[in-house]
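What follows is a single structure, written as structure tokens, with notes after it.
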Amino acid sequence: GYDDSKEQFTVQDSYIMPDLPIAYEDLERYWRHFNYTYLVIYPPAREEEVLQLLGPHVDETYNMEYAAQKASDEIFRLSGREQFFAWFNRGTSLMRLQDYGGAAAAYDQAFQIDAQLAITDPEHRPWRILWYQTGPYWAYYYTGRYYDVLSLANFTLENMSEPAVEESFYWRALAKEALGDVSGAIEDLRKALKWHPDWIPALQQLDRLGATP
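Under the working numbering, think of the first position of the sequence shown as 8, with each following residue one higher.
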């Protein structure tokens with residue numbers, strides 16, 4: 008729920024507590040970390056009303072172009088950790104528009120800031136972002152930057168108590184295959200399936216390579 012008089016939402020956070028009050032301003036900042044993604048849930052009978060409310064954002068291309076521009080605007084008014092997310096969001100929106108070159112360039116800027124944060128503010132460095140968002144893998148893979156895919160995947164998997172992110176194994180496998188290491192690719196795809204049994208993308212890649220799970 009929400010309370011305009013207090014300018015706060017009531018949210019459910021399984022890590023902290025139920026019915027957690029959070030200020031509008033704080034929620035917007037945290038929402039930035041996920042590129043302001045939203046999911047519209049509605050009864051079919053009200054579809055026309057929802058379409059009218061969304062306006063041009065019904066069109067996915069328009070929505071992604073808008074998101075990319077929003078991120079660009081934020082890049083020039085934010086700094087530090089929040090500027091990292093602005094650059095990262097621009098990369099994600101461009102990736103979804105299949106502008107992989109533009110996305111890769113934006114992610115490069117984000118990771119430059121990340122490297123600075125590792126020195127100046129390591130406590131708030133967003134080092135877990137690839138647990139939840141895989142846009143850089145897409146951008147670097149589809150621009151032929153396979154070693155960058157390997158580096159990101161290795162960093163992500165090595166900085167976990169358990170290497171439990173199947174997407175990182177998956178993209179590392181694709182990069183290994185592109186670099187000629189087919190056996191390494193098969194091994195990583197099988198590791199992905201260890202953490203996500205019957206995961207269709209990994210099964211499809213193994214089948215394409217003529218390997219069994």
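Quick reminder that beta carbons are idealized off the backbone N, C-alpha and C, glycines included. Please read these numbers as outputs of a predicted model, since none were measured by experiment.
About 7 Å separates the beta carbons of residue 88 and residue 133, which is inside the 8 Å limit, making them a contact pair. Following the DSSP letters along the chain, one finds residue 29 inside the beta strand (DSSP E) bounded by residues 24-30.
Secondary structure at residue 47: coil, using DSSP grouped into helix, strand and coil.
Around the beta carbon of residue 95, 16 or more other beta carbons lie within 10 angstroms, which makes this residue buried. Straight-line spacing of the CA atoms in residue 47 and residue 188 works out to 42 Å.
Only residues of its own chain outside the window of five on either side were considered, and among them 107, 108, 111 have a CB closer than 6 Å to the CB of residue 150, listed in chain order. Counted as a single uninterrupted DSSP element, the beta strand (DSSP E) harbouring residue 17 occupies residues 15-20. Distance from the Cα of residue 177 is smallest, within the candidate group 152, 168, 206, for 206.
Leaving aside the five residues that flank residue 69 on each side, the residues in its chain whose CB is nearer than 6 Å to its CB run, in chain order, 63. In the pairwise beta carbon analysis, the stretch 51-63 is classified as not touching the stretch 17-29: fewer than three pairs are separated by under 8 Å. Secondary structure note for residue 218: it is in no alpha helix (DSSP H), with a DSSP letter that is neither H nor E. Distances from the CA of residue 76 to each of 113, 152, 58, 200 were compared; the closest alpha carbon is that of 113. CA-CA distance, residue 217 to residue 71, rounds to 37 Å.
Here DSSP, grouped into helix, strand and coil, assigns residue 10 to strand. The shortest CA-to-CA distance from residue 82 to any of 38, 67, 117 is the one to 117.
Under the Cβ criterion (8 Å, minimum of three pairs), the stretch 123-138 does not count as touching the stretch 26-37.
In the pairwise beta carbon analysis, the stretch 172-186 is classified as touching the stretch 196-204: at least three pairs are separated by under 8 Å. Of the residues assessed, residue 143 falls on the buried side of the cut-off, its CB having 16 or more other CB atoms within 10 angstroms. A direct Cα-to-Cα measurement between residue 211 and residue 168 gives close to 28 Å.
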